[in-house]
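Residue numbers for the sequence shown follow this note's numbering, so the first one is 3 and each next one is one higher.
A virtual CB, placed ideally from N, CA and C, is assigned to each residue, including glycine.
Keep in mind that this is a model prediction, so the values were computed, not measured.
Here is the structure we will look at, set down as structure tokens.
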Amino acid sequence: MPLSRRQVLATAAVATVGIAVGGCDRQPGRGRVGPSSPAVQATEARRRRAGAPVRQVALTAAPVTLELAGRPIATWAYNGNVPGPVVRVRAGEVLRARLDNRLPEATTIHWHGVALRNDMDGVPEVTQAPVQPGGHFTYEFTVPAPGTYFFHPHVGLQLDRGLYAALVVEDPDEPGRYDGEAVVVLDDWTDGLGPSPAAIMASLQRSGGMSMDDMMRGMTAAGGQLGGAGGEVNYPRYLLNGRPPEDPATLAARPGQRLRLRLINAAADTAFRVAVGGHRLQVTHSDGYPLDPVTVDALLMGMGERYDLLVDLHEGVFPLVAVAEGKRGQARGLLRAGRGTPPPARARPTELDGRLLDPARLRADPAVALGSRSPDRTHRLTLSGGMGEFRWTINGRTFDPDRPLPLRAGERTRLVFENPSMMFHPMHLHGHTFAVQHPTGAGPRKDTVIVAPMQRLAVDLDADNPGQWVVHCHNLYHMEAGMMTSLAYLA
Ligand code: C2O
Ligand code: CU
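Written out as structure tokens, the structure reads:
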């Protein structure tokens, strides 16, 4: 009997009521605001509206066998599917998500991009004790801002299996200038088709990352916005909504409709160049926050980034393509609007080579701009590594939870990323949405931003969410090799 990726573990559908177990097995250093401190609780209390609806979801992380590329594939997933179930909630509501861990390893869930209470952030040894095999944990927090987010484990290399899913936070005041929407999750896939994530890590460590040859090859292929190699790992497949290019997902709409696409890059080591054949893309949101919209033919997104697009559909069946930048292969889906013949599997929309979104031209919608203010505190983060040794560092160190970067509540804080390495790093901050600072002025609000080789990029944030928050590269292998630090609110 063929196993379906839609097969759901029966138990997972049972909604459960749980009690949030706060606390952490590790005490933050003296003078720091801990994850379950009164300051964190007070911040949550201010966010919580009386009578706010509670959305309950049950998520089971477990081994599963699903069919991919015509073969049974053993992997790990939430509720038996890759991606896991789309979680939808409205800004201002409370999300109560019970995680049951049926994996053979400890795990957590991190709600990527959400400015939530610190003790629900899912970072082992920083905000909570990891959930042991057979154990469970209930995440419960007020969801503050609308937008496109996702969730994934924050333990080891688990994200490079099938453990990821979209989190859509609806806007109670949605202007609704579109007719329908679709979630599009991109991933680079190895489980069951190539080496395991652990084997990939071991081989990167053996070879010290990429050889000079690989690097040069990658550079010529990627070049452009990434300013260097596309990534270290060539994956056997790239997936769009869990489907390989030869068995694409179809997003159905009607001709003339305006479709909102919520793009999420859940890959471990792959940036994607995205285009829709025969269409232009109006880019409306970055990492959940509204932009001054810009219209382009294609855009490039790093791991952990999200973009929302509006597409005005013509009649026909069109390829939605996400090319693995600097690598061989692509993820692919179909956009069907009325009648038409599907494009051939290898079709490469010319839009991919058209006008590419220039991140330096993005501006926040004035409604969400941070407002100009000179920083009270600046931290420089130098991103290096990969030279003959697969060790990636920030300011010369691999992650050490006992050496955080300090800040104080109320401060406008500037992080200056400097990247003297040969790789791009999509840098992600937990618990805050910063404002990217362009030389020409304030750019978009984001929580994950590509820092290209030799680039220096500043981001500003308001320290309004007390606790201990990690900052790291969202290349999973770089993060696992040490490229992470933390911001510690001082008491
Ligand atoms: Cu999606 Cu700390 O990451
Ligand atoms: Cu990196």
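- Approximately 19 Å separates the beta-carbon atoms of ALA444 and LEU383; this is outside 8 Å, ruling out the contact.
- Around the beta carbon of MET303, 16 or more other beta carbons sit within 10 angstroms, so the residue counts as buried.
- Put simply, the backbone Cα of ASP193 is about 43 Å away from that of ARG414.
- For the 8 Å CB-CB criterion, ALA99 and VAL59 form a contact.
- In chain order, GLU127, VAL128, SER488 place their CB closer than 7 Å to the CB of PRO403, counting only its own chain and leaving out the 5 sequence neighbours on each side.
- The beta-carbon separation of LEU315 and ALA269, rounded to 26 Å, does not stay under the 8 Å limit for a contact.
- Three or more Cβ pairs drawn from the segment 89-108 and the segment 46-62 lie within less than 8 Å of each other, which places the two stretches in contact.
- By the neighbour-count criterion, in which 16 or more other beta carbons inside 10 Å mark a residue as buried, ARG334 falls on the buried side.
- Around the beta carbon of SER288, a 10 Å sphere encloses 16 or more other beta carbons of the protein chains shown; the residue is thus reported as buried.
- Within the DSSP bridge table, the entry for ASN81 names no partner.
- Assigned with DSSP and collapsed to three states, GLN457 falls in coil, not helix or strand.
- Per DSSP, the continuous alpha helix (DSSP H) segment holding ILE202 begins and ends at 199-209.
- Applying a distance threshold of 5 Å between residue Cβ atoms and the heavy atoms of ligand 2 selects HIS427, CYS475, ASN477, HIS480, given in chain order.
- Nearest to THR343 by alpha-carbon distance, out of LEU261, GLU327, GLN130, VAL319, is VAL319.
- When DSSP reads this structure, GLY318 sits in a beta bridge with ALA339.
- When DSSP states are grouped into helix, strand and coil, ARG57 belongs to the strand group.
- In the DSSP assignment, VAL91 forms a beta bridge with VAL171.
- Under the Cβ criterion (8 Å, minimum of three pairs), the segment 43-51 does not count as touching the segment 130-139.
- If you draw a 10 Å sphere on the C-beta of ALA201, you find fewer than 16 other C-beta atoms in it, and that means exposed.
- Going by DSSP, ALA277 is part of the beta strand (DSSP E) stretching over 274-278.
- For VAL89, the shortest C-beta to heavy atom distance toward ligand 1 is 7 Å or greater.
- Straight across, the Cα-Cα distance linking SER39 with TRP471 is about 14 Å.
- Between the segment 276-293 and the segment 446-458, the count of Cβ pairs shorter than 8 Å is three or higher; the stretches touch.
- Along the segment 120-144, the beta strand (DSSP E) occurs as fully enclosed runs of 3 or more residues at 138-144, listed in sequence order.
- When rounded, the separation of the alpha-carbon atoms in ASP181 and LEU311 is 13 Å.
- The beta carbon of PRO85 sits closer than 6 Å to the beta carbons of TYR166, ALA167, VAL187, GLY244 from its chain, once the five residues preceding and following it are set aside; these are given in chain order.
- With respect to TYR237, GLY306 sits apart: the two C-beta atoms are not nearer than 8 Å.
- The closest heavy atom of ligand 1 lies 7 Å or more from the beta carbon of GLY469.
- DSSP places LEU407 in the strand class (E or B) of the three-state scheme.
- The nearest non-hydrogen atom of ligand 1 is less than 7 Å from the C-beta of VAL472.
- For HIS287, the enclosing beta strand (DSSP E) has its first and last residue at 283-288.
- Between the alpha carbons of ARG260 and GLY115 lies a gap of roughly 26 Å.
- For MET429, the uninterrupted beta strand (DSSP E) segment begins and ends at 427-431.
- Under DSSP, TYR291 shares a beta bridge with SER288.
- Ranking ALA231, ASN103, MET203, ASN267 by CA distance to the CA of ASP190 puts ASN267 first.
- Within the model, the alpha-carbon separation for ASN467 versus ASN120 is close to 8 Å.
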